[in-house]
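Just so we're aligned, residue 1 is where the sequence shown starts under our numbering, counting upward by one. For reference, the structure is listed below as structure tokens.
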Amino acid sequence: MKTSKVTLKEKIGYGFGDAASSMFWKIFTFYLAIFYTDVFGIPAAAVGTMFLLTRIWDTANDPIMGIIGDRTKTRWGKFRPYLLWLAFPFAIIGVLLFTTPELSVKGKIIFAYITYTLMMMAYTAINVPYASLLGVMTSDPNERTSFASFRMVFAFAGSLLVVAIFQPLLDIFKTNNININTSYQLTMVVIGSIVVGFFLLTFSWTRERITPPKEQQNSLKKDIKNLLNNIPWFVLLGAGVMTLIFNSVRDGVAVYYFKYFISDDINQETSVLFSSMTIAYSTFYLFLGQATNMVGVILAKPVSAKIGKRKTFIYAMFTAAILSTLFFYIGREDTFMIFALQALISFCAGIIFPLLWSMYADTADYSEWKTGRRATGLVFSASSMSQKLGWTIGGAITMWLLAIFGFESNVSQSPETIKGIKYMMSYVPALSALISGMFMFFYKLDDTKIEKIMLELNQRRASEKQD
């Protein structure tokens, strides 16, 4: 184990990486579905099926990338090099994802399958190593929670940034007589450039300090066997999947909710006036959600330090489930309640994410303590797996339910379709949040046990260093 002091600059640098990932992730969550149905021109059911099929393959890539990362050896470490190598390809594929070729509907569906699969593979290849960095930068549990909090603050800052500039950039390009298809493409060029810069800062400002035990030999069979016996890892995987379903359904249907339910005219969304600036309701709703997410992230460390990570997670998810249920009963004129509930639900969602990342690092330590082997990348692939799997299921559910409820793009919706959209803003995510919280009843690595594990591991590492 290499020793050097963790600095504020390093925490900020680590945060930039998730700002980059979150900018693309939020674009996919908020805008990709409606781009496919209302701009690209493919049916909602086809989009839902594509999300499911491509992401099943993509989810399987996460542990593979974790295994590759664990076996990477460079002068920069195991995981940092991927931020340097993949930043530009990641951005370029993001631009291709929002490119509309002149093809038939069948041809467009094939193009969407190819570009979406490439995008998710690139996301895996850069994000699994990025997530794994948290497990090798420090062994101090409090510093890990601090790193995770910085990560989440920057993640939501990146989300705020992209929500604030995505629609305005589209509008700027459209007002300059650029068609909507090219406007999406150019918007992604601008955002992709920012993302590349953020990833390069993370590569430059972070350091890897923890290495596997000296006597450890590469053994994929042993690493997988140890992972399959890591019960806390499975609990976090389940909780993470349900949390992402909760988020992806709410976020994925939000733009539809405002365009087809709240607005009087589907071609002109209702707006709110701030000073001399007019902001669409959906943009304000999404921006407010990211802002209150960030407040939750900031409070995660002090709250969990007082009552524990596990209890904080459970209370937050159960509260989010109750508040989400109330969303169904809000009328289209009750804008204050719409935004108030969005703020409260997003706060609950925000507070649990730093805890998840910190607990993934704890399960890596637990595995090393129990088995004498460390496979940080493989363990941390659970974080990306849960994101992808939850987003896969949530995204597919969103599009399939829209199709089941009779959704048709760019026309006024029937009462049954509107009711379905309201279900997707309330009861569906509420159930997911409830199940997520219930998973944590089975998580047994409380703070006292983790402190004991870290004490013993540090003694082992100190002994290895002397040898």
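By construction, the Cβ of each residue, glycine as well, lies at the ideal position given by its N, Cα and C atoms. For clarity, every value in this text was computed on a predicted model and none was experimentally measured.
8 angstroms contact criterion, which residue i and residue j should meet: CB distance rounded
{"i": "Tyr315", "j": "Phe166", "result": "Actually they do not touch by this definition, with Cβ atoms about 33 angstroms apart."}
{"i": "Gly372", "j": "Val249", "result": "Not quite, the Cβ-Cβ distance comes to about 41 angstroms (not below 8 angstroms), so this is no contact."}
{"i": "Phe198", "j": "Gly17", "result": "7 angstroms"}
{"i": "Tyr360", "j": "Phe150", "result": "Contact flag wrong, Cβ pair sits at about 16 angstroms."}
{"i": "Met121", "j": "Asn61", "result": "6 angstroms"}
{"i": "Phe313", "j": "Leu355", "result": "5 angstroms"}
{"i": "Ile133", "j": "Phe79", "result": "Strictly speaking, residue 133 in this sequence is Leu, with Ile absent from that position. Leu133 to Phe79, Cβ: 5 angstroms. Contact."}
{"i": "Gly252", "j": "Thr29", "result": "6 angstroms"}
{"i": "Phe35", "j": "Phe98", "result": "6 angstroms"}
{"i": "Ser159", "j": "Ser22", "result": "5 angstroms"}
{"i": "Tyr285", "j": "Phe339", "result": "7 angstroms"}
{"i": "Thr59", "j": "Ile93", "result": "Incorrect: roughly 18 angstroms between the Cβ atoms, too far for contact."}
Span of the alpha helix (DSSP H), counted from its first residue to its last, around residue i
{"i": "Asp334", "result": "Element bounds for Asp334: n/a, residue is neither H nor E."}
{"i": "Ile114", "result": "Val105 to Ser132"}
{"i": "Met440", "result": "Premise fails: Met440 is in no alpha helix (DSSP H) and is neither H nor E."}
{"i": "Ile64", "result": "Ala44 to Asp70"}
{"i": "Asp18", "result": "Leu8 to Ile27"}
{"i": "Arg151", "result": "Pro141 to Thr175"}
{"i": "Gln413", "result": "Unbroken run through Gln413: none, as it is neither H nor E."}
{"i": "Val95", "result": "Pro81 to Leu97"}
{"i": "Ser263", "result": "Note, Ser263: premise wrong, no alpha helix (DSSP H); not H, not E."}
{"i": "Thr182", "result": "Ile180 to Trp205"}
{"i": "Arg75", "result": "First-last for Arg75: undefined, no H or E at that position."}
{"i": "Leu326", "result": "Lys309 to Leu326"}
Residue i CB to nearest heavy atom of the ligand ADP below 6 angstroms
{"i": "Leu299", "result": "In terms of ligand content, the structure shown is empty, and the ligand ADP therefore cannot be addressed."}
Environment of residue i [buried if 16+ CB atoms lie within 10 Å]
{"i": "Ser193", "result": "exposed"}
{"i": "Gly296", "result": "buried"}
{"i": "Ile397", "result": "buried"}
{"i": "Val411", "result": "exposed"}
{"i": "Phe336", "result": "exposed"}
{"i": "Pro462", "result": "At residue 462 the sequence reads Ala, which differs from the Pro that was named. Exposed: under 16 other Cβ atoms inside 10 Å."}
{"i": "Asn293", "result": "buried"}
{"i": "Leu228", "result": "exposed"}
{"i": "Pro63", "result": "buried"}
{"i": "Gly406", "result": "exposed"}
{"i": "Gln342", "result": "buried"}
{"i": "Arg75", "result": "exposed"}
{"i": "Asp334", "result": "exposed"}
{"i": "Glu468", "result": "What is shown of the chain runs 1 to 467, which leaves residue 468 out entirely."}
{"i": "Leu201", "result": "buried"}
{"i": "Ser304", "result": "buried"}
{"i": "Ala368", "result": "The amino acid at residue 368 is misidentified as Ala; the sequence shows Glu. That one is buried."}
{"i": "Trp233", "result": "buried"}
{"i": "Thr392", "result": "buried"}
{"i": "Ile450", "result": "buried"}
{"i": "Ala19", "result": "buried"}
{"i": "Lys309", "result": "buried"}
{"i": "Val105", "result": "exposed"}
{"i": "Gly48", "result": "buried"}
{"i": "Leu445", "result": "buried"}
{"i": "Glu10", "result": "buried"}
{"i": "Phe154", "result": "buried"}
{"i": "Phe441", "result": "exposed"}
{"i": "Thr448", "result": "exposed"}
{"i": "Leu455", "result": "exposed"}
Short CB-CB distance (under 7 angstroms) between residue i and chain D
{"i": "Ala349", "result": "Absence of chain D from the displayed structure is noted, only one protein chain being present."}
Practice problem: Evaluate contact between the segment 165-174 and the segment 35-55, counting only Cβ atoms and requiring at least three cross-stretch pairs below 8 angstroms. | Solution: no
Exercise. Give a yes or no on contact between the segment 178-190 and the segment 131-145, applying the rule of three or more CB pairs nearer than 8 angstroms.
Key: These segments do not touch.
Quiz item: At a cut of 8 angstroms, does the segment 121-128 reach the segment 62-69 through at least three beta carbon pairs?
Solution: yes
Quiz prompt | the segment 428-440 contacting the segment 239-255, beta-carbon criterion three pairs below 8 angstroms | solution = yes
Exercise. Tell me, please, whether the segment 131-138 touches the segment 256-265 by the rule of three or more beta-carbon pairs shorter than 8 angstroms.
Key: no
Quiz item: Touch check for the segment 414-423 and the segment 73-87: three-plus C-beta pairs under 8 angstroms?
Solution: no
Quiz item: Per the contact definition of three or more C-beta pairs closer than 8 angstroms, is the segment 317-331 in contact with the segment 422-434?
Solution: yes
Self-check item: Inter-stretch contact (C-beta, 8 angstroms, three-pair minimum) for the segment 199-211 and the segment 102-112
Solution: no
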